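J.: Just dropping this structure here.
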Amino acid sequence: MNLLAIRAIYMNEMSRFFRTILQSFVSPIISTSLYFVVFGAAIGSRIDQVEGVSYGAFIVPGLVMLSVIMQSISNASFGIYFPKFTGTFFEVLSAPVNFLEVLLGFVGAAATKALFIGLVILGTASIFVHISIAHPFAMVAFLLLTCLAFALLGFIIGIWAKNFEQLQLVPLLVVTPLVFLGGSFYSTSMLPPFWQTVTLCNPVLYLISGFRWAFFETADVPVGISLLAIFLFLCICIGVIWRIFQTGWRLRD
Amino acid sequence: MAPILQVKDLRKTYEGGFEALKGINLDIEEGEILALLGPNGAGKTTLISTLCGITQPTSGTATVAGFDIRTDYRRAREQIGLVPQEIHLEPFSYVGANLHFSRGLFGKPRNDALVDGLLKRFSLYDKRRNRVRELSGGMKRRVLIGKALAHEPKVLFLDEPTAGVDVALRKDMWDAVAELKKEGVTIILTTHYIEEAEAMADRVAVIRKGEILMVEQTSELMQRLGRKVLTIELREPLAGIPPALGGLDLELAPDGLSLSYSYDTRAERTGIAGLMARVQEAGIVLKDISTTESTLEEIFVDLVSEGAQ
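These protein sequence lines are chains A and B, in that order. First residue of the first sequence: 0, per numbering that gives the first Met the number 0; consecutive thereafter. First residue of the second sequence: 0, per numbering that gives the first Met the number 0; consecutive thereafter.
Next comes the structure, spelled out in structure tokens:
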């Protein structure tokens, strides 16, 4: 294992994050605050409680997941796409590293950034509402696994994308609707029975549900199934990347 | 001593069926400078990319310092530094950090003294905290060389290092290459500036359509393939080539004051002795005689056009 190379890629990716630390830090704080103003104060004041939890607190796990998922994807996809775009990826291809090391460097950094932002949002949210975490260990585990899984998905998107438009395509057209319709801001029990069944087809629902369970012990689906779903998603992403590395698809000539 | 780079029957066929490398065989000795000459699309960059691991070969083998580029790719690649043809640098990154990154990527521990030394050597030390996008084109090229050397490679590939570079900077680059050679670094460079190969390379390999047409010592190549022109300056102008000198490959200058005789140094008989005897017989009085050798560029054009026939 070329640990120094993994470290070099990881630190190089993180340095981009640190170069724009203000944007990285400030923008999630502002957007979270806005969500709280809109959903918490304006709309939330008209909603009593959801599953025995105040609406303001109820949306916190969904809000964290929303940002973490989007950040994991965008950081990882941009991280791998940008060197391809600028041509600097030749250096990685010519270095004494294997693809697992490249993956650990890029995905590790993307997941770290997303985790950091997730924690910032959690911190910001705690200013607005009282948050109790029933299962802190499970909460951290769900957060970490989600960061990793979606960073892997972002990595695939970054390899697949041939231009900046394609880079935005999957997050905008697929992931955003799935996250919003995955129970970020509501419980599926609030939906008519038919839509409750339809929502079960949304993989993001299982993540948000599991994450919310770690906070309030209320969930749309059993927590075991949530864990299984995230592991399944991780395995699919790893399988796809393993295949990409084997064939060198869109990486090597 | 075994060659530091050994290439055996290396082939690369792209998906569409295009054969970019058609069985390349090449041995490069440690510490030498080899110039890879060839027209656009000859396969120079494909060859370099394949040896560096950017492109996978279809068949054949290559070893660097004894390490196979496929089965022992880690150790093979550790020996290699690559300066690409295009300026590929992340515009927002910092100059010094860029060199540290390259060193780390190749599995070497951080070495501030070495990186600072490289930055000073390429006159980039003052710019080490600048972003890459703030540098001039020439400086960016020097950053690329610094990055390629940051992990102390034994073999350095320079893919058209002076393309689009001004004369002064080109000279700097040549000096840098000469210095690296002194340190024992083996250098393989591709170039369109043939004077560059002529001035720097110990050997020249001519590549065309994915095949190496020949590999020669630069001086031998000049000698073996070079055409020379013998110029005879005359005391009195001639109105035309005298009949006594008919049948020879002679050209008379418009002012009638010099005769040029072109001959092949490879030929068994150059015909110079016969020419001189006939000049004397014709009673032509000589003022001076000089010879000029054809440049590598002329040789190269000859070779490539021969190959095309």
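Note that the Cβ used here is the ideal one computed from N, Cα and C, for glycine as well. These numbers were taken from a predicted model, which means no experiment stands behind them.
Quick one: give me the first and last residue of the alpha helix (DSSP H) that isoleucine 24 (chain B) is part of.
T.: Looking at the sequence provided, one finds asparagine at residue 24 (chain B) rather than isoleucine. Asparagine 24 (chain B) -> not in any alpha helix (DSSP H); beta strand (DSSP E) instead, spanning 18-27.
J.: Can you give me the Cβ contacts of lysine 328 (chain B) inside the same chain, cut-off strictly under 7 Å, excluding the 5 residues immediately before and after it?
T.: The requested residue 328 (chain B) does not occur in the structure, where chain B is confined to residues 0 to 308.
J.: Among B:Leu155, B:Leu302, B:Val278 and B:Glu292, which one has its Cα closest to the Cα of glutamate 31 (chain B)?
T.: Out of B:Leu155, B:Leu302, B:Val278 and B:Glu292, B:Leu155 has the C-alpha closest to the C-alpha of glutamate 31 (chain B).
J.: Touching or not, the segment 93-111 of chain B and the segment 78-98 of chain A, by the rule of three or more beta carbon pairs under 8 Å?
T.: Cβ pair count under 8 Å is three or more, so yes.
J.: Phenylalanine 91 (chain B) versus chain A: which residues are under 8 Å apart at the beta carbon?
T.: Chain A residues near phenylalanine 91 (chain B): Arg15 and Arg18.
J.: Which ranges would you report for the beta strand (DSSP E) in the segment 27-56 of chain B if only whole runs of at least 3 residues count?
T.: Those beta strand (DSSP E) runs which fall completely within the segment 27-56 of chain B and span 3+ residues are 32-36.
J.: When you compare the segment 142-160 of chain B with the segment 77-87 of chain B, are there three or more beta-carbon pairs, one atom per stretch, that lie closer than 8 Å?
T.: Short answer: they touch.
J.: Any chance you could list the alpha helix (DSSP H) runs of at least 4 consecutive residues sitting entirely within the segment 17-67 of chain A, in chain order?
T.: Counting whole runs of 4 or more residues, the segment 17-67 of chain A contains the alpha helix (DSSP H) stretches 20-34.
J.: Check whether chain A comes within 8 Å of glutamate 18 (chain B), counting only Cβ atoms and requiring the distance to be less than that.
T.: Not an interface residue.
J.: Assuming serine 183 (chain A) and methionine 0 (chain A) form a contact by the criterion Cβ under 8 Å, report the distance between their Cβ atoms to the nearest whole angstrom.
T.: Incorrect: roughly 38 Å between the Cβ atoms, too far for contact.
J.: Please classify valine 228 (chain B): does DSSP put it in a helix, a strand, or coil?
T.: Three-state DSSP puts valine 228 (chain B) in a strand.
J.: What three-state label does DSSP hand glutamine 78 (chain B) in the structure shown?
T.: In this structure, glutamine 78 (chain B) counts as coil in the three-state DSSP scheme.
J.: Mind checking whether threonine 60 (chain B) and lysine 7 (chain B) have CB atoms under 8 Å apart?
T.: The answer is yes: Cβ separation under 8 Å.
J.: For the beta strand (DSSP E) that leucine 203 (chain B) lies in, which residues bound it at each end?
T.: This sequence places valine at residue 203 (chain B); leucine is not what is there. From DSSP, the beta strand (DSSP E) with valine 203 (chain B) extends over 202-207.
J.: Are the beta-carbon atoms belonging to glutamate 77 (chain B) and histidine 150 (chain B) less than 8 Å from one another?
T.: Result yes, Cβ atoms of glutamate 77 (chain B) and histidine 150 (chain B) sit closer than 8 Å.
J.: Going by C-alpha to C-alpha distance, which of A:Gly238, A:Phe244 and A:Ser26 sits closest to alanine 113 (chain A)?
T.: Measuring from the Cα of alanine 113 (chain A), the nearest candidate turns out to be A:Ser26.
J.: Quick check: the Cα distance between glutamate 178 (chain B) and threonine 246 (chain A), rounded to an integer number of angstroms?
T.: Cα to Cα, the separation comes out at about 40 Å.
J.: Threshold first: 3 residues or longer. Then list the beta strand (DSSP E) segments lying entirely within the segment 159-209 of chain B, N to C.
T.: Runs found: 185-189 and 202-207.
J.: Determine, using beta carbons only, whether lysine 146 (chain B) and valine 184 (chain B) come nearer to each other than 8 Å.
T.: No, the Cβ-Cβ distance between lysine 146 (chain B) and valine 184 (chain B) is not below 8 Å.
J.: Which same chain residues end up closer than 6 Å to phenylalanine 57 (chain A) when comparing Cβ atoms and leaving out the 5 residues on each side of it in sequence?
T.: Cβ neighbours of phenylalanine 57 (chain A) beyond the five flanking positions: Val49.
J.: According to the neighbour-count rule (16 or more other Cβ atoms, all chains shown, within 10 Å of its Cβ), is serine 66 (chain A) buried or exposed?
T.: Buried is the call here.
J.: Which residue's Cα is closest to the Cα of methionine 213 (chain B): B:Ile23, B:Glu292 and B:Tyr93?
T.: The candidate whose alpha carbon is nearest that of methionine 213 (chain B) is B:Ile23.
J.: For the beta strand (DSSP E) containing arginine 277 (chain B), name the first residue and the last one.
T.: Looking at the DSSP string, arginine 277 (chain B) is not in any beta strand (DSSP E); the run it does join, the alpha helix (DSSP H), is 271-280.
J.: Excluding five sequence neighbours on each side, which residues of the same chain lie with their C-beta closer than 8 Å to the C-beta of leucine 233 (chain B)?
T.: For leucine 233 (chain B), where only same-chain residues beyond five positions count, the Cβ hits under 8 Å are Gly255, Leu256, Ser257, Leu258, Ile283, Val284, Leu285 and Lys286.
J.: Would you say alanine 110 (chain A) lies against chain B (beta-carbon separation less than 8 Å)?
T.: So no, alanine 110 (chain A) is outside the interface.
J.: Please name the residue in A:Val96, A:Leu177 and A:Leu199 whose C-alpha comes closest to that of threonine 187 (chain A).
T.: Comparing Cα-Cα distances from threonine 187 (chain A) to each of A:Val96, A:Leu177 and A:Leu199, the minimum goes to A:Leu199.
J.: So which residues on chain A does arginine 76 (chain B) lean against when the C-beta distance must stay under 7 Å?
T.: Correct list: Ser93, Ala94 and Pro95.
J.: Can you tell me whether glutamine 5 (chain B) is helix, strand or coil according to DSSP?
T.: Here glutamine 5 (chain B) sits in strand by DSSP.
J.: Would you tell me roughly how many angstroms separate the C-alpha atoms of glycine 209 (chain A) and alanine 133 (chain A), rounded to the nearest one?
T.: Each residue's alpha carbon lies about 12 Å from the other.
J.: Quick check for students: name the residue ranges of the beta strand (DSSP E) that lie wholly in the segment 137-161 of chain A, counting only runs of 3 or more.
T.: Runs found: none.
J.: Going by alpha carbons, who is nearest to isoleucine 229 (chain A) out of A:Asp47, A:Val169 and A:Ala140?
T.: The shortest C-alpha separation from isoleucine 229 (chain A) is found at A:Ala140.
J.: For glycine 107 (chain A), I'd like the list of residues in its chain whose CB is within less than 7 Å of its CB, leaving aside the five on either flank, ordered along the chain.
T.: Around glycine 107 (chain A): Tyr9.
J.: Using CA coordinates, which residue listed in A:Leu151, A:Ile156 and A:Ala110 is at the minimum distance from leucine 143 (chain A)?
T.: Answer by Cα proximity: A:Ala110.
J.: Hey, how far is the Cα of isoleucine 187 (chain B) from the Cα of proline 95 (chain A)?
T.: Roughly 20 Å between the two C-alpha positions.
J.: My understanding is that alanine 150 (chain A) touches alanine 75 (chain A), with C-beta atoms under 8 Å, so please give their C-beta distance in whole angstroms.
T.: That pair is a contact at about 4 Å.
J.: Beta-carbon separation of alanine 19 (chain B) and threonine 45 (chain B) under 8 Å?
T.: Result yes, Cβ atoms of alanine 19 (chain B) and threonine 45 (chain B) sit closer than 8 Å.
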